[in-house]
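Asker: Just so we're aligned, residue 113 is where the sequence shown starts under the working numbering, counting upward by one.
Don't be surprised by glycine CBs; every beta carbon is placed ideally from N, CA and C.
Just so we're clear, the structure is a prediction, and the values are computed from it rather than from any experiment.
Shown below is the structure under consideration.
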Amino acid sequence: MAKLKEIYGSDQSKFFFKNLYLARKKQFDLVSTYVSKEDTIIDVGTTPVLDKHENFFLNHYKYPENITCFSNQDLEKLKINFPNLKCLKGDGRSMGLRENSYDIAMSNATLEHVGSFENQNKFVKELYKISKKRCIIITPNRFYPIDFHTMLPFIHWLPKNIHRRILKLFNQDFLSNEENLNLLSIKDLKTICNINNFKNYKILKIKYYLFTSNLILILDKI
């Protein structure tokens, strides 16, 4: 997000972040309708950042004591704001947790960062396995006009090998690697569901400036 602030001037930045906050609040309100106050929740892919616009669900949910955060990074910093926060460290593609460990398995803005389509499939399967009621997976829509990771328009609509070459030309070497960024479409999410024979699912769309910016995959088990 710091990169966005460098790109936009102060007035534009305030306007952009205000609207981005409103979009994330809309997303939070929608996701919250699928969670009850009694549910145990595991948030997979939590980031060790204290800013309020990060870890949006953790920072805005009324019952943070029900949340366990899971990441491949050290999350101890989050205990500055949440002293009693439960944290686990590991790989979201193979978490080592029992089936039905938590009522809700949740992930926001992580699926696009776990690597190849095969790894993305493993990630979704793992969240489905450890959830008792449902899993909720939020990811950016590949076909939104701007990729918010790079702030570059439209080039992510191109075939992925061409997209990665162009990112290298823009000195985006890190994000040009599939293991660091692999955007998904509605079709990709449906393919994952079909591969795993997930029947009871829905894909919700979050709009930002008239276009679908984020996709929310809801996989129900009950």
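Do you know whose CA, among G227, K299, I307 and Y321, lies nearest I328's CA?
Answerer: As a working note, residue 328 is residue 216 in the sequence shown. Of G227, K299, I307 and Y321, the residue nearest in Cα terms is K299.
Asker: Alpha carbons only, please: which of K319, P160 and I274 is nearest the one belonging to I192?
Answerer: Sequence index remark: in the sequence shown, residue 192 carries index 80 (1-based). The shortest Cα separation from I192 among K319, P160 and I274 belongs to P160.
Asker: Look up P265 in the DSSP assignment and give the residues it is bridged to.
Answerer: As a working mapping, residue 265 is identified with position 153 in the sequence shown. Answer is I258, bridged to P265.
Asker: Check the C-beta distance from L331 over to R246 and give it rounded, since I have them as a contact under 8 Å.
Answerer: Here residue 331 refers to the residue found at position 219 of the sequence shown. Here residue 246 refers to the residue found at position 134 of the sequence shown. Contact holds; Cβ gap of about 6 Å.
Asker: Answer yes or no: do I250 and D151 have a C-beta to C-beta separation smaller than 7 Å?
Answerer: Position 138 of the sequence shown, counted from the first residue, corresponds to residue 250. Position 39 of the sequence shown, counted from the first residue, corresponds to residue 151. Contact: no.
Asker: State whether the segment 248 to 268 contacts the segment 289 to 296, with contact taken as three or more CB pairs (one from each stretch) at a distance under 8 Å.
Answerer: yes
Asker: Measuring alpha carbon to alpha carbon, tell me which residue in F266, G204 and W269 is nearest Y240.
Answerer: Position 128 of the sequence shown, counting from 1, holds the residue named residue 240. For Y240, the nearest C-alpha among the options comes from G204.
Asker: Please state whether the Cβ-Cβ distance between L287 and L281 is less than 7 Å.
Answerer: As a first step, residue 287 must be located in the sequence shown, where it is residue number 175. As a first step, residue 281 must be located in the sequence shown, where it is residue number 169. When the beta-carbon positions are compared, L287 and L281 stay at least 7 Å from each other.
Asker: Leaving out the 5 sequence neighbours to the left and right, which residues in its chain are closer than 7 Å to K317 when beta-carbon positions are compared?
Answerer: Your numbering for residue 317 matches position 205 in the sequence shown. Excluding sequence neighbours, K317 sits near T324 and L327.
Asker: Return the chain-ordered list of same chain residues with a C-beta closer than 8 Å to the C-beta of L142, the five sequence neighbours on each side being excluded.
Answerer: The residue given as residue 142 occupies position 30 in the sequence shown. The residues are L316, I318 and I328.
Asker: What are the start and end residues of the alpha helix (DSSP H) that includes V161?
Answerer: Here residue 161 is taken as the residue at index 49 of the sequence shown, counted from 1. No alpha helix (DSSP H) contains V161, which DSSP labels as neither H nor E.
Asker: Whose C-alpha, out of E238, S144 and I304, is nearest the C-alpha of F169?
Answerer: Within the sequence shown, the letter at position 57 stands for residue 169. Per the Cα distances, S144.
Asker: Using only the alpha-carbon positions, how far apart do L134 and F140 sit?
Answerer: Sequence index remark: in the sequence shown, residue 134 carries index 22 (1-based). Sequence index remark: in the sequence shown, residue 140 carries index 28 (1-based). Rounded to the nearest angstrom, the two C-alpha atoms are 10 Å apart.
Asker: Going straight from the alpha carbon of C199 to that of F235, what length do you get?
Answerer: In the sequence shown, residue 199 corresponds to position 87, counting from 1. In the sequence shown, residue 235 corresponds to position 123, counting from 1. Distance between the alpha carbons of C199 and F235: 18 Å.
Asker: Counting along the chain, where does the alpha helix (DSSP H) carrying R210 start and finish?
Answerer: As a position in the sequence shown, residue 210 is number 98, starting the count at 1. Per DSSP, R210 belongs to no alpha helix (DSSP H) and is neither H nor E.
Asker: Give the DSSP bridge partners of N253, in chain order.
Answerer: Position 141 of the sequence shown holds residue 253. Residue pairing for N253: DSSP places it in a beta bridge opposite L296.
Asker: For I242 and L162, what's the separation of their Cα atoms in angstroms?
Answerer: As a position in the sequence shown, residue 242 is number 130, starting the count at 1. As a position in the sequence shown, residue 162 is number 50, starting the count at 1. Going by the C-alpha atoms only, they are around 27 Å apart.
Asker: Out of Y214, K149 and Y173, which one is the CA nearest neighbour of K333?
Answerer: Within the sequence shown, numbered from 1, the residue matching residue 333 stands at position 221. Per the Cα distances, Y214.
Asker: State the DSSP-derived secondary structure class of T222, mapped to helix, strand or coil.
Answerer: Residue numbering aside, residue 222 sits at position 110 when the sequence shown is read from its first letter. Looking at T222 - three-state DSSP - the assignment turns out to be coil, as it is neither helix nor strand.
Asker: Where K314 and D285 are concerned, what is the direct C-alpha to C-alpha distance, given to the nearest angstrom?
Answerer: Mapped onto the sequence shown, residue 314 falls at position 202. Mapped onto the sequence shown, residue 285 falls at position 173. Answer to the nearest angstrom: the Cα atoms are 34 Å apart.
Asker: My understanding is that K201 touches S183, with C-beta atoms under 8 Å, so please give their C-beta distance in whole angstroms.
Answerer: For this step, residue 201 is matched to residue 89 along the sequence shown. For this step, residue 183 is matched to residue 71 along the sequence shown. The Cβ separation is near 6 Å, so the contact holds.
Asker: Can you pull the DSSP bridge partners for I179?
Answerer: The residue labelled residue 179 in the question sits at position 67 within the sequence shown. Answer is I153, bridged to I179.
Asker: How many whole angstroms separate the CB atoms of A221 and P176, which I take to be in contact at a CB cut-off of 8 Å?
Answerer: By one-based count along the sequence shown, residue 221 stands at place 109. By one-based count along the sequence shown, residue 176 stands at place 64. A221 to P176, Cβ: 19 Å. No contact.
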